[in-house]
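The first sequence begins at 168 in my numbering and counts up one residue at a time.
C-beta atoms are modelled at their ideal positions from N, C-alpha and C, and glycine is treated no differently.
Notes follow the structure.
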Amino acid sequence: MSASNPQTAAPGAPAEARPSNFIRDIILDDLKTNKHAGRVQTRFPPEPNGYLHIGHAKAICLDFGLADEFGGHTNLRFDDTNPSKEETEYVDSIMEDVKWLGFHWDGLFYASDYFEQLYEWAVQLIKAGKAYVCDLSADEIREYRGTLTKPGKDSPYRNRAVEENLGLFERMKAGEFPDGSRTLRAKIDMASPNLNMRDPVMYRILHASHHRTGDKWCIYPMYDYAHGQSDSIERVTHSMCTLEFEDHRPLYNWFIQQLGIFPSQQIEFDRLNLTHTLLSKRKLLQLVQEGHVSGWDDPRMPTLCGIRRRGYTPEAIRNFCGAIGVSKTNGSIELAMLEHFVREDLNKRAPRAMAVLRPLKVVIDNYPEGQVEELEAVNNPEDPAAGMRKVPFSRVLYIEQDDFREDPPKQYHRLSPGREVRLRAGYFITCTGVVKDERTGEVVEVRCTYDPATRSGNAPDGRKVKATIHWVSAAHAVDAEVGIYDNLFTKEDPSQTDEGKDFTSNLNPNSLEVLSHCKLEPSLASAAVGGRYQFERLGYFCVDLDSVPGKLVFNRTVALKDTWAKIEKGQRGKG
RNA sequence: UGGGCCGUCGACUAAUGGUAGGUCAAGUGCCUUUGGAGCACUUUGUCUAGGUUCGAAUCCUAGCGGCCCAGCCA
Numbered sequence: 168m169s170a171s172n173p174q175t176a177a178p179g180a181p182a183e184a185r186p187s188n189f190i191r192d193i194i195l196d197d198l199k200t201n202k203h204a205g206r207v208q209t210r211f212p213p214e215p216n217g218y219l220h221i222g223h224a225k226a227i228c229l230d231f232g233l234a235d236e237f238g239g240h241t242n243l244r245f246d247d248t249n250p251s252k253e254e255t256e257y258v259d260s261i262m263e264d265v266k267w268l269g270f271h272w273d274g275l276f277y278a279s280d281y282f283e284q285l286y287e288w289a290v291q292l293i294k295a296g297k298a299y300v301c302d303l304s305a306d307e308i309r310e311y312r313g314t315l316t317k318p319g320k321d322s323p324y325r326n327r328a329v330e331e332n333l334g335l336f337e338r339m340k341a342g343e344f345p346d347g348s349r350t351l352r353a354k355i356d357m358a359s360p361n362l363n364m365r366d367p368v369m370y371r372i373l374h375a376s377h378h379r380t381g382d383k384w385c386i387y388p389m390y391d392y393a394h395g396q397s398d399s400i401e402r403v404t405h406s407m408c409t410l411e412f413e414d415h416r417p418l419y420n421w422f423i424q425q426l427g428i429f430p431s432q433q434i435e436f437d438r439l440n441l442t443h444t445l446l447s448k449r450k451l452l453q454l455v456q457e458g459h460v461s462g463w464d465d466p467r468m469p470t471l472c473g474i475r476r477r478g479y480t481p482e483a484i485r486n487f488c489g490a491i492g493v494s495k496t497n498g499s500i501e502l503a504m505l506e507h508f509v510r511e512d513l514n515k516r517a518p519r520a521m522a523v524l525r526p527l528k529v530v531i532d533n534y535p536e537g538q539v540e541e542l543e544a545v546n547n548p549e550d551p552a553a554g555m556r557k558v559p560f561s562r563v564l565y566i567e568q569d570d571f572r573e574d575p576p577k578q579y580h581r582l583s584p585g586r587e588v589r590l591r592a593g594y595f596i597t598c599t600g601v602v603k604d605e606r607t608g609e610v611v612e613v614r615c616t617y618d619p620a621t622r623s624g625n626a627p628d629g630r631k632v633k634a635t636i637h638w639v640s641a642a643h644a645v646d647a648e649v650g651i652y653d654n655l656f657t658k659e660d661p662s663q664t665d666e667g668k669d670f671t672s673n674l675n676p677n678s679l680e681v682l683s684h685c686k687l688e689p690s691l692a693s694a695a696v697g698g699r700y701q702f703e704r705l706g707y708f709c710v711d712l713d714s715v716p717g718k719l720v721f722n723r724t725v726a727l728k729d730t731w732a733k734i735e736k737g738q739r740g741k742g
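Written out as C-alpha cells, the structure is:
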C-alpha cells in the first residue's frame with residue numbers, strides 16, 4: 168500500500184472522479200462480480216539486474232496505485248531466476264527507489280523463495296506426463312522449434328518414460344550434468360502458432376551462485392515457469408505487465424491450470440516511451456559501462472537515481488505517471504510532458520534565490536564605495552509562508568551576460584546603453600557605458616548609475632521599466648559549479664540509427680555543460696545536498712551529491728520556460 | 001509471411017451505440033518586482049472503404065499502417 172498517492176488517486180476520492188483506464192475497469196468489474204471476494208492483490212516484480220528507471224515508475228504507480236485505490240495490497244517481488252545477471256547491489260537500489268517514490272510494499276518476496284515449491288510442482292508435472300527432460304542442445308532446440316511460419320517438430324526425448332524423467336530431473340538438480348546439457352520442458356504443442364507453447368523450457372542447468380540461495384541450486388526456473396506460479400502463491404489477483412508478454416499469457420495460464428492453483432490474471436499494458444530517451448536496462452547498462460555517463464545516477468540518466476540526483480521530486484514523477492494514463496497503444500510521450508510536471512511541483516515549493524551563471528561585472532558609479540545594504544527579498548511568491556530573506560547589495564555586482572546587449576535586438580527589454588532596468592528586489596539602474604577588452608573588443612564591465620529613490624523596486628514618480636534582472640553582489644558572492652543538462656540523445660527516438668551504427672551514435676555531445684565560476688547569493692552557501700531552489704529567471708537547481716561547503720555543486724533540474732528565447736529564435740528564423 | 005496486439009488533435013489520453021472532452025505542446029491576449037507563475041481565449045483529431053442502425057470513434061466486413069514473438073533472458 169502506498170502512503171502517498173499519485174494525483175490520480177487521491178485518498179477518499181469517489182471512484183467515479185478518478186481517470187479511468189482499462190485495467191481499472193477490469194478491477195471495478197471484478198469487484199462488482201465479487202470475483203475475489205473484494206480482494207485486490209498486486210505485485211511489482213523487478214528483476215534485480217539493473218537500476219529502476221522512469222518506465223518502472225509508471226508500473227510502480229500502477230501496481231501500487233490501483234491496489235491502494237481499492238484497499239488492496241502490493242508486494243515487492245524480485246524476479247531473481249537468473250543468477251548470472253542479478254546482484255544484491257540492484258536489489259538494494261530498487262528498494263531505495265521504490266521507497267523514494269513514496270510507496271510501501273506489504274510483502275517483500277523473491278522468486279527464489281519459491282524454488283523448492285517450483286521444483287515440487289515440476290515433479291508433479293513430470294508425473295502427470297506434462298513435462299520431460301530433453302537432451303537437445305540449445306542449437307538443436309532452436310532448430311526443432313520451427314519458425315514463425317513453419318511448425319516445429321517433436322524432440323526425440325519427448326516421450327521418455329515418467330520414471331526416466333523423474334530420475335534425470337533429480338540428477339539435474341543434484342548437479343550431475345554440465346550447463347546446457349539438458350533442460351526440463353513442458354509438453355504442450357510443437358505445432359502451436361504461438362512459439363511460447365512449443366514445449367517451452369522450464370528449467371535450465373546453471374552452475375552459478377545465486378545472490379540469495381548461494382550454491383544450493385544448479386538448476387534454475389525460467390521466467391515463464393516461475394512468474395505465474397509466484398503470482399499464484401501470493402494470491403495476486405491482477406498481475407500487470409507490459410505488452411511484450413501478451414504472447415506468454417497462454418503459457419502463464421497453462422501452468423496455473425495444469426497445477427490447479429490460484430488463478431492469478433495477467434493484464435498487459437503499454438510500456439512507457441519517452442522522446443530523446445532510452446528506457447532499456449541493457450542499453451542503460453551499456454552507457455554506464457562504456458563511460459558515456461558518469462554512472463547509473465548521472466543526472467542525464469532516466470534512472471530514478473539519476474532523475475533524483477537531477478532534482479526531480481517523487482511527487483512530480485507520480486503526477487506525471489498519473490497524467491500519461493495507461494492503455495495498449497504503442498506511443499511515445501514528449502519529454503516536455505515530464506518537464507511540465509517538475510516545473511509545476513517545484514514552482515510551488517522551491518525557495519527562490521539569485522544566481523548568476525555567466526557573470527558580467529556591473530559597477531554602479533554613484534553608489535558609495537564600501538557601502539552595503541541588506542535588501543529584503545521574497546522567498547517564494549507562490550507561498551507567502553516561505554517568508555523573506557536578506558540579500559546584500561553593494562557598488563559592484565554581477566549580472567548575467569545574457570541580460571546585457573550593447574546593441575539590443577528588437578523586443579529585447581533588458582539592459583543596454585542608456586536603458587533603465589530593475590534589479591530584482593533592488594534598485595532601478597541605468598546603463599551609462601561599457602568597458603571593453605582592448606584586444607578582443609568584448610564588453611568586460613558595464614557602468615551604471617542607480618536611482619536611490621527606487622529602493623525595493625518601485626519608482627515614486629511612477630515610471631516603469633520593461634525588465635527586471637537578477638544580480639549578485641560581487642563582494643558577497645559564493646562561487647559554485649553548475650551542471651547544465653540537455654537531452655542525452657539528439658534524436659527523438661534514439662534507437663533509430665544509420666546503417667551499421669548503434670544508439671550511441673545518437674548521443675548528444677552537448678548534453679552536459681559544466682559552468683565553473685557561477686556566482687551565488689550568500690544565503691546559498693549553506694545549501695544542503697539535495698536541496699532544491701529556483702534560481703530566479705533561470706530554472707530549478709538542486710545541490711548535487713558531490714557538493715561540499717566551500718565547493719558547491721548544483722545541477723540544473725529544468726530551465727524555466729523562456730519566452731525571450733522563443734522570440735529570439737523566431738527572429739533568427741525570419742532571417 | 002504464422003500468431004498476438006494496437007490505430008482518436010503535433011504528443012498522451014477520455015467518451016463503454018446518443019454533445020468528440022482533458023492534459024502537454026503550439027499560438028493570441030491579459031496580468032506581472034522572475035520575459036517565471038497565473039488567467040482567458042484559439043488552432044488542430046476518430047487510418048481507409050463499405051455495411052448494420054433513427055443514430056457509429058464505439059458493432060460487422062474488407063483493406064491499410066504500426067508494434068511484439070523463432071533466449072537454456074526477463
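Give the straight-line distance between the Cα atoms of residue i and residue j, rounded to the nearest whole angstrom.
i, j, result
"His394", "Thr444", "29 Å"
"Gly737", "Leu691", "36 Å"
"Phe231", "Phe237", "10 Å"
"Glu287", "His459", "46 Å"
"Gln174", "Asn514", "Its pLDDT being 34, under 50, Gln174 is placed unreliably in this model, and the coordinates cannot settle the point."
"Thr200", "Tyr700", "50 Å"
"Asn326", "Gly269", "52 Å"
"Thr316", "Asp356", "15 Å"
"Asp259", "Glu688", "38 Å"
"Ala180", "Asn486", "With a pLDDT of 40 at Ala180, under the threshold of 50, the modelled position of that residue is not reliable, and the figure given next carries that caveat. Taking the straight line joining both Cα atoms gives about 16 Å."
"Leu439", "Arg475", "18 Å"
"Pro648", "Pro526", "The sequence given here places Glu at residue 648; Pro does not occur at that position. Each residue's Cα considered, the two are about 13 Å apart."
"Ile423", "Pro481", "37 Å"
What residue from the options has the CA that sits closest to residue i's CA?
i, options, result
"Val529", "Val601, Asp259, Glu236 and Lys736", "Val601"
"Arg622", "Ala503, Leu590 and Lys633", "Leu590"
"Asn403", "Asn514, Gly537, Gly313 and Leu233", "According to the sequence provided, residue 403 is Val. The question's Asn does not apply to it. Selected option, being the one with the closest Cα: Leu233."
"Cys598", "Arg614, Asp570, Val681 and Asn440", "Arg614"
"Lys354", "Leu333, Ser322 and Ala298", "Ala298"
"Gln425", "Ala295, Lys448 and Pro367", "Ala295"
"Val368", "Gly269, Asn675 and Asp302", "Asp302"
"Gly629", "Ala620, Arg581, His684 and Phe571", "Ala620"
"His415", "Glu457, Pro360, Gly381 and Gln456", "Pro360"
"Glu457", "Cys685, Trp272, Asp235 and Phe670", "Phe670"
"Thr611", "Trp638, Phe571 and His684", "Checking the sequence shown, residue 611 turns out to be Val, not Thr. Nearest C-alpha to Val611: Phe571."
"Cys709", "Gly697, Leu719 and Lys718", "Gly697"
"Asp729", "Leu719, Gln538, Gly717 and Glu703", "Glu703"
"Ser376", "Thr255, Arg206, Ile400 and Gly473", "Thr255"
So what's residue i in DSSP terms, helix, strand or just coil?
i, result
"Val671", "In the sequence under discussion, the amino acid at residue 671 is Thr, which differs from the Val named in the question. Helix at Thr671."
"Met521", "coil"
"Asn722", "strand"
"Trp288", "helix"
"Ile596", "strand"
"Val265", "helix"
"Trp463", "coil"
"Thr480", "coil"
"Ser662", "coil"
"His240", "strand"
"Asp196", "helix"
"Ala177", "Per-residue confidence for Ala177 stands at a pLDDT of 37, beneath the threshold of 50, marking its modelled position as unreliable; no derived number is given."
Quick one, are the C-beta atoms of residue i and residue j less than 9 Å apart?
i, j, result
"Phe344", "Ile372", "yes"
"Gly222", "Leu446", "yes"
"Arg379", "Asp247", "yes"
"Ala289", "Arg244", "no"
"Met407", "Leu229", "yes"
"Tyr370", "Tyr392", "yes"
"Lys633", "His580", "yes"
Closer than 6 Å by C-beta to residue i: which residues in its own chain qualify, once you throw out the five before and the five after it? Chain order, please.
i, result
"Arg477", "Pro466, Asn722 and Thr724"
"Gln578", "Ile734"
"Leu727", "Gly706"
"His220", "Leu446, Pro469 and Thr470"
"His557", "It should be noted that the sequence gives Lys, not His, for residue 557. So the list reads Glu541, once near-sequence residues are dropped."
Closer than 7 Å by C-beta to residue i: which residues in its own chain qualify, once you throw out the five before and the five after it? Chain order, please.
i, result
"Glu536", "Arg562"
"Gly594", "Before going on, a small fix: residue 594 reads as Tyr here, not Gly. Cβ neighbours of Tyr594 beyond the five flanking positions: Tyr617, Asp618, Thr621 and Arg622."
"Thr241", "Met168, Thr209, Arg210, Phe211, Asp230, Phe231, Ala234, Trp272 and Asp273"
For a test of your reading of the model: does the CB of residue i fall under 8 Å from any non-hydrogen atom of the ligand ATP? Yes or no.
i, result
"Ser494", "This structure simply doesn't include the ligand ATP, nor any ligand for that matter."
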